[in-house]
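**Q** Before I ask anything, let me first share the structure, which is written out below as structure tokens.
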Amino acid sequence: MHPLFHPLFTQFITYFNAHEDYFECHEVLEEYWKEIAPSDKTHPLTALILLATGMYHWRRDNFIGAQKSLKKALERIQANASNAFYDGIHLTQVVDDLHESIELVQQKKSFRAFKILIISPELIEAVDKQPSLVPLVGDNLIHKHMLRDRSEVLKAREEKRRNRH
């Protein structure tokens, strides 16, 4: 299977393009990255994780975090431009959109979403087959990291801490 057809990648595209849910973009792509290259911080997927992170920060008016993440995303995309993970997307358009976004962030302009243009008919079909997701709106989308249930994460962290001692 081509890496772009992995269910977590198609979920990422759905969250990014259809829902602008950049928090979930980060979550699903980080899961995929940890599956295939957990210690490789320069892996092409990390560029897309940083892209989602930058968009999340920008929408929350965290211009410093947005600029840092978007610039790193751009650098990693350019360093890995010929990688198979970018085969089905219009990378030139993503790079152009990133340049424009970085410029707007530097000027502290209001958030402006963009779509990752898909050029592979097969990838379009795979994304279209994604089950319907209920989009979040308002504060639930913008401040998702603060409003989510973290009880499982905290429980796992506490258990890991106990096992170390």
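The opening position of the sequence shown corresponds to residue 1 in the numbering used here, with each subsequent residue numbered one higher.
Using N, Cα and C, we set each Cβ at its ideal position, and we do this for glycine too.
Please classify residue 89: does DSSP put it in a helix, a strand, or coil?
**A** As a first step, residue 89 is located in the sequence shown; it is residue number 89 there, counting from the start. Of the three classes helix, strand and coil, the one that applies to residue 89 here is strand, per DSSP.
**Q** Out of curiosity, what's the CA-to-CA distance linking residue 24 and residue 9?
**A** The count along the sequence shown starts at 1 and reaches residue 24 at position 24. The count along the sequence shown starts at 1 and reaches residue 9 at position 9. Their backbone Cα atoms lie some 12 angstroms apart in a straight line.
**Q** Based on DSSP bridge pairs, tell me the residues matched to residue 118.
**A** For the purposes of this step, residue 118 is taken as the residue at position 118 of the sequence shown. For residue 118, which the question treats as bridged, DSSP gives the partners 89.
**Q** So, at 6 angstroms on beta carbons, what are the nonlocal neighbours of residue 56 in its own chain, with the 5 sequence-adjacent residues on each side left out?
**A** Residue numbering aside, residue 56 sits at position 56 when the sequence shown is read from its first letter. Contacts found: 22 and 23.
**Q** Would you say residue 102 and residue 70 are within 8 angstroms of each other, going by their C-beta atoms?
**A** Position 102 of the sequence shown holds residue 102. Position 70 of the sequence shown holds residue 70. Going by C-beta atoms, residue 102 is nearer than 8 angstroms to residue 70.
**Q** With 16 as the cutoff for other CB atoms within 10 Å, does residue 118 come out buried or exposed?
**A** For the purposes of this step, residue 118 is taken as the residue at position 118 of the sequence shown. Classification for residue 118: buried.
**Q** Roughly how many angstroms separate the alpha carbons of residue 32 and residue 105, rounded to a whole number?
**A** Translated into the one-based positions of the sequence shown, residue 32 becomes position 32. Translated into the one-based positions of the sequence shown, residue 105 becomes position 105. Approximately 28 angstroms between the Cα atoms of the pair.
**Q** Residue 78 lies in the alpha helix (DSSP H); which residues open and close that run?
**A** In the sequence shown, counting from the first residue as 1, residue 78 sits at position 78. Where residue 78 is concerned, the enclosing alpha helix (DSSP H) stretches over 63 to 79.
**Q** Cα separation between residue 100 and residue 131?
**A** As a working note, residue 100 is residue 100 in the sequence shown. As a working note, residue 131 is residue 131 in the sequence shown. Answer to the nearest angstrom: the Cα atoms are 32 angstroms apart.
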